[in-house]
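Protein chains in written order, with UniProt numbering: chain A, 1 to 406; chain B, 1 to 406; chain C, 1 to 406.
Here it is, written out as structure tokens:
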């Protein structure tokens, strides 16, 4: 029986890991559909390779950095033979689950830097981000490292509550991406000589929508399985994720004037924002938080592109960065008992945790991509960018048969 | 331990909800592939927005109407603090699961009314259908409302048995769709001046197939997780779904003369038909029921399009309406102990439940879409229909870059 | 409680079955993306129909052949009423799970024989392979039939260890495919008059990548749920699958010079190779095994196509056949306790089991496809091959609307 309990947890967390792993396919296809045809292959390869590099880096470095666990013992020990490892390899499945979170950092950034970034510098950035930058903040928030959470609790009565990572994952990814995008500069032809934006149309709405669907479906694993065990599994997390997602869809529909890109990204905006408080908010609060995120994304995307002239191709800064920050703060509002939530949060702690996370990530983005810019360089040559990353880097296009005139 | 039991049920029903949620992506891509290129974006947005509207409507109105449960209490109560709510938010996950069923109603209809329906009237229809029309019959069959089931049991010895919704979901959706399609009329150019059908070719078999795959995969959640708890989980439901699906594939292959659209829809026909009796039929009975459905779909589709001149674009009336009715009745045959089933069904109850459901849905379809037709209007202008719903409604096509000549 | 335990196992194995079923969609789309546009529909229909035929064949013949179980008893018995059937239909779910493995045999072969094989002979081959050829070796290895495993254990101290089927499934499929491909001959125009290869470009990298993603995601079910019960669920299997997959990606990236086809197939190569020893190797061992497989695939694919002039379209012999054999042998190396593994394996048993499996499968491939060649014929007519299997067999192309000039 004891053992069955552990088997159930292994199964539970594994399904979460599989679902979030599938989200990475979603990141890939969302980018495939949003970029131009000549950069589709690059989007696919980047996401898969970033995932692989993230896994290896997090296995050997990042996870140990955040949680102090190292896997350099024999398989019998790893599977539950003591040494702090849980039975039936439960610890290993938890690692798998958290790896899919860590790998979301480069996957988020990928959408911002699309269509003009060199391949290998991005690989190096992935290693640095997943090995050091992300696990540092992850460990601070989720493992109580460096006493930040203890200080918040002592000072404001509650820790920074970020259940599934509105800030720890999405906010950090989105604000690093802002730094990377600013250092990288806009795509050729994105703004005219007077700085006016020139539309660069997406290649394929069906692929964009497929990416969004894969992300939405997997997101329920992202949120619910964060509980880590069947005993802690909560239907509230599931329904809150659902309500925030539909809130994001409906707000983006209205504010975004029925634009398909906004509607499909609106779902994601709602899901980004609900992560932090999904375990403590009321479903109606989640609907409002999600709707807010959907509206924030549409307005933020247009502001980012047209006013600030930041050429963030998929809008990952508004989507993950701003909506993530909104989610971190909103958990401190809609998590309150007075608004039907479960309570136990402090708005001040939420604001501080969010601002610290965003500031840290933006600074880290500037540092990591700044060093790379001054060493390896970040951008494709003008010729390669014009040709497209597919032919320039991968020597093949997305539809090779078609190129040959069939 | 007690708690682990509930956690297991939360997990079980949640996976079902996620799988059926993913089916909605399947509805979207099945329609994307079947319609013309100029209506692909509209298919994608319709399904996502209908899902969002369905969720909100079912949360605030429909679920209460069917089951008498309202969610307007605080999150602590919702999560299992009494008031009829189960521990660990199990009630909320069950709501999520049933929401994905309710949202299937507009998703089914969407395929029938494709390529010429206005956007906002369909949104209003979704709210009416998911708020009132569907939960009324759902509550009658699955919650024993209004004494219909009690009367059947008293009169014929058994209730109307519709385990996972051949009639309650698919039949109702399909017969409402028939009403909608008849009121809407055929697409421009679908029949010539003498009423002869003119083929309108699908845009993409790969997208059609992807939609079918997503539906097939998710369908195992649709059927198996209807059990609602691990104690009631039944491998028989799983294998019956499998057998009916492959029966539908093979029958559609033969009857449909190796046409890819028929083969991929044949799988769905089998799955529609098996829902009702999947918990009580023998696997060989399910194979026969599925094969029957595959044949019925092919013949029904061609009859509908060519003889009856009903321009049901995806054939949702034959697929969900007729095959759903076949499934409801077949459960009363192949569920019998004499045919290897588990018994406990009455053929008369099955026929009555099916006929009542189909008649009710057809009438409701005429009422809802009839009111909308006489108020908001149902059809796009001829100009907009010619232009395509994508550009007319969403101001963008499925492949914007291609339109600009790259 | 007792019952809950069984319900948990039903759920566990069912999720595995669903995941591996979804892999078949992956097989379909991997082939869709790799073949030319004129053969995309055929790829889709072949996989779906092969799956259906496999299910029926395995239900009535193959499963009984391998495990001695027949389903020709009533549903009450099947669901757990004695006769060797487990409670809650657990036996049926296990059958479903293993059906998805059996159906992988024709799905693997499909990619090798693509673009020029007749439809109905392949259907007959599927029945023969899933009814007899595969279950014979499956039963020998996984059910101890014919004393082969007992002999290995007596002679070399351990049975042939193939946990999730590197050899039993992938190796057998890949080596049968080699026989089929050799008998079938190269596609028209694949080699010039002097035998020099002429590149035939794939139609769509996004579809190829989608196939790879579906396979990768489902593969975690393929490996982990092979345990068959929650008590036996092992996180080690999950993490080893993960590590081998990323090893395959990274090795294919480097050896394959950033080619997207190699990178996406490299992930699969790693997963093929890790099946056998995923339950006993150390994660670092799995990383090495996967990396080895990624490199083997790239080199093997180029050797196969260019040196050996074997026109194996998707490279299923290097991918499943050679990497499967590598996985079978590698389990005997990296499973050793001295290399951090759990031990209990014999390298000699691994080599013998692998060589016997590959030899048997190659011979069976020659026999089955040889008989078909001399009776029904294997190849499309030159005219049909030139026209494409879509129009020749299915009378429709992948994008019918486009063909008509919209």
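Even for Gly, the Cβ is constructed at its ideal location relative to N, Cα and C.
Keep in mind that this is a model prediction, so the values were computed, not measured.
At which residues does the alpha helix (DSSP H) containing residue i begin and terminate?
i              : result
residue 401(B) : 400-403
residue 44(A)  : 40-57
residue 322(A) : Note, residue 322(A): premise wrong, no alpha helix (DSSP H); not H, not E.
residue 311(B) : Taken as a continuous stretch (DSSP letters only), residue 311(B) belongs to no alpha helix (DSSP H), as it is neither H nor E.
residue 253(A) : 235-255
residue 95(A)  : 90-102
residue 216(C) : 205-224
residue 368(A) : 347-375
residue 77(B)  : 75-78
residue 397(A) : Careful: residue 397(A) lies outside any alpha helix (DSSP H) and carries neither H nor E.
residue 280(A) : Here residue 280(A) belongs to no alpha helix (DSSP H), and DSSP marks it neither H nor E.
residue 65(C)  : 63-67
residue 270(C) : 260-274
residue 382(A) : 382-387
Would you tell me roughly how many angstroms separate the C-alpha atoms of residue i and residue j, rounded to the nearest one?
i              : j              : result
residue 57(C)  : residue 76(B)  : 52 angstroms
residue 177(A) : residue 305(A) : 14 angstroms
residue 229(C) : residue 71(C)  : 21 angstroms
residue 168(A) : residue 9(B)   : 29 angstroms
residue 232(C) : residue 6(A)   : 10 angstroms
residue 88(A)  : residue 302(B) : 55 angstroms
residue 266(A) : residue 329(B) : 42 angstroms
residue 175(C) : residue 49(C)  : 22 angstroms
residue 110(B) : residue 395(B) : 20 angstroms
residue 113(B) : residue 385(B) : 12 angstroms
residue 346(A) : residue 276(A) : 13 angstroms
residue 141(C) : residue 100(B) : 42 angstroms
residue 145(B) : residue 66(B)  : 8 angstroms
residue 290(C) : residue 29(A)  : 25 angstroms
residue 23(B)  : residue 216(A) : 12 angstroms
residue 61(C)  : residue 157(C) : 33 angstroms
Among the options, whose alpha-carbon lies nearest the alpha-carbon of residue i?
i              : options                        : result
residue 52(B)  : 42(A), 291(A), 404(A), 249(A)  : 249(A)
residue 164(A) : 97(A), 113(A), 155(A), 156(A)  : 97(A)
residue 226(C) : 352(C), 162(C), 24(C), 150(C)  : 162(C)
residue 238(B) : 218(B), 257(B), 253(B), 251(B) : 218(B)
residue 293(C) : 322(C), 60(C), 110(C)          : 322(C)
residue 350(A) : 104(A), 21(A), 200(A), 148(A)  : 148(A)
residue 209(A) : 234(A), 264(A), 224(A)         : 264(A)
residue 91(B)  : 234(A), 213(A), 315(A), 334(A) : 234(A)
residue 393(B) : 381(B), 313(B), 404(B)         : 381(B)
residue 300(B) : 283(B), 286(B), 288(B), 320(B) : 320(B)
residue 404(C) : 41(B), 201(B), 195(B), 34(B)   : 201(B)
residue 402(A) : 32(C), 36(C), 401(C), 21(C)    : 36(C)
residue 284(B) : 86(C), 105(C), 73(C), 332(C)   : 73(C)
Examine the Cβ distances between the region 351-366 of chain B and the region 178-193 of chain B and report whether three or more of them are shorter than 8 angstroms.
yes
Would you be able to state if there are at least three C-beta pairs under 8 angstroms between the region 265-272 of chain C and the region 236-245 of chain C?
yes
Beta strand (DSSP E) segments (min. 3 residues) lying fully within the region 107-174 of chain A
none
Hey, is the region 369-383 of chain B in contact with the region 113-127 of chain B, meaning 3+ C-beta pairs nearer than 8 angstroms?
yes
The region 346-357 of chain B in contact with the region 196-214 of chain B per 3-pair CB rule at 8 angstroms
no
Is it a yes or a no for the region 385-405 of chain A touching the region 123-135 of chain A, going by three-plus beta-carbon pairs under 8 angstroms?
no
Are three or more beta carbon pairs between the region 258-265 of chain C and the region 133-143 of chain C nearer than 8 angstroms?
no
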